[in-house]
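Single-structure report; data block below.
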Amino acid sequence: DTGVSQNPRHKITKRGQNVTFRCDPISEHNRLYWYRQTLGQGPEFLTYFQNEAQLEKSRLLSDRFSAERPKGSFSTLEIQRTEQGDSAMYLCASSGEATGEETQYFGPGTRLLVL
Amino acid sequence: RKEVEQDPGPFNVPEGATVAFNCTYSNSASQSFFWYRQDCRKEPKLLMSVYSSGNEDGRFTAQLNRASQYISLLIRDSKLSDSATYLCVVNPPGGGGNKLTFGTGTQLKVEL
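Quick look at the structure:
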């Protein structure tokens with residue numbers, strides 16, 4: 072499967088714990104995006120990377136959230152001191168502007184439940 | 044006002060019906076427009092891009108009216124497999140093609 076992959080697919084944690092999610096984009100794509108989706112809403116943009124550079128962050132991304140893409144390939148999204156309001160689906164997408172492909176392709180998401 | 048507004052539905056239609064979804068966006072300088080489809084508990088998938096001249100892909104037709112800041116999606120001869128949530132998506136100015144803004148989605152249920 073050469074699509075976007077995300078791990079884990081599901082995560083249950085207790086309030087106050089730290090969690091980390093991983094996204095592996097389509098291999099030739101240089102842009103990677105993180106979105107968050109809550110029930111009954113559309114996805115909301117969190118941040119995006121071009122290669123290893125984080126070029127934009129939403130105001131939704133509080134200080135407890137940090138994202139990295141150290142080698143310009145996979146990315147991690149870490150949430151520190153989780154709160155119940157962090158419960159959501161975290162979606163990763165990638166696109167390949169360098170190859171002329173601007174469509175964002177989404178991964179299956181990581182569903183987070185904070186108890 | 045929300046950046047992208049859609050009627051959440053649900054739209055319950057019989058198989059074979061024609062159904063239309065509408066969407067409005069607030070920023071007149073928005074550059075790109077899309078319809079994505081999302082099945083229950085799955086990721087969004089691009090259905091089609093929307094161009095000023097309108098575009099058609101099989102049973103699906105998308106229209107853009109920049110003057111009214113209005114986007115539409117028409118589904119003809121609907122199938123059971125069309126049941127899903129349809130997300131109206133806009134790329135706002137300054138996004139550089141990067142930051143997609145999604146509506147809340149319109150839920151479609153096609154019934155026998």
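Quick mapping for you: the protein sequence lines, in order, are chains G and R. Under my numbering, the very last position in the first sequence is 186; numbers go up by exactly one each time. Under my numbering, the very last position in the second sequence is 155; numbers go up by exactly one each time. Think of the CB as a built atom: it goes at the ideal place given N, C-alpha and C, for glycine as much as any other residue. Everything numeric in this text was worked out from a predicted model, so none of it was measured.
Next item on the list: Would you mind telling me which residues of chain R sit closer than 9 Å to tyrosine 119 of chain G, beta carbon to beta carbon, in chain order?
Entry: Asn141 and Lys142
Check: According to DSSP, is aspartate 82 of chain R helix, strand or coil?
Finding: Coil at aspartate 82 of chain R, not helix or strand.
Notebook entry, point to check: If we cut at 8 Å on Cβ distances, does threonine 174 of chain G have a partner in chain R?
Noted result: yes
Next item on the list: Could you name the residues of the same chain whose beta carbon sits closer than 7 Å to that of alanine 72 of chain R, not counting the 5 residues immediately before and after it, in chain order?
Entry: Pro136
Item checked: Contact residues within the stretch 100–115 of chain G, judged by C-beta distance below 9 Å to chain R -> Arg102, Tyr104, Tyr106, Gln108, Gly111, Gln112, Gly113, Pro114 and Glu115
Notebook entry, point to check: In angstroms, rounded to a whole number, what distance separates the CA positions of isoleucine 150 of chain G and alanine 60 of chain R?
Noted result: Cα-Cα distance, rounded: 45 Å.
Item checked: Beta-ladder partner(s) of lysine 82 of chain G, from DSSP -> The partner list for lysine 82 of chain G (beta bridge, DSSP) reads G/Leu183.
Item checked: Bridge partner(s) assigned by DSSP for tyrosine 113 of chain R -> R/Thr67 and R/Asn108
Notebook entry, point to check: How would you write the range of the beta strand (DSSP E) that alanine 127 of chain R sits in, first residue to last?
Noted result: Where alanine 127 of chain R is concerned, the enclosing beta strand (DSSP E) stretches over 127–134.
Check: CA-CA distance, glutamate 188 of chain G and glycine 180 of chain G?
Finding: Residue 188 of chain G lies beyond the range of chain G shown here (72 to 186); nothing can be said about it.
Notebook entry, point to check: List, in order along the chain, the chain G residues whose C-beta lies closer than 8 Å to that of glycine 97 of chain R?
Noted result: The contacting residues do not exist; glycine 97 of chain R stays about 19 Å from chain G at best.
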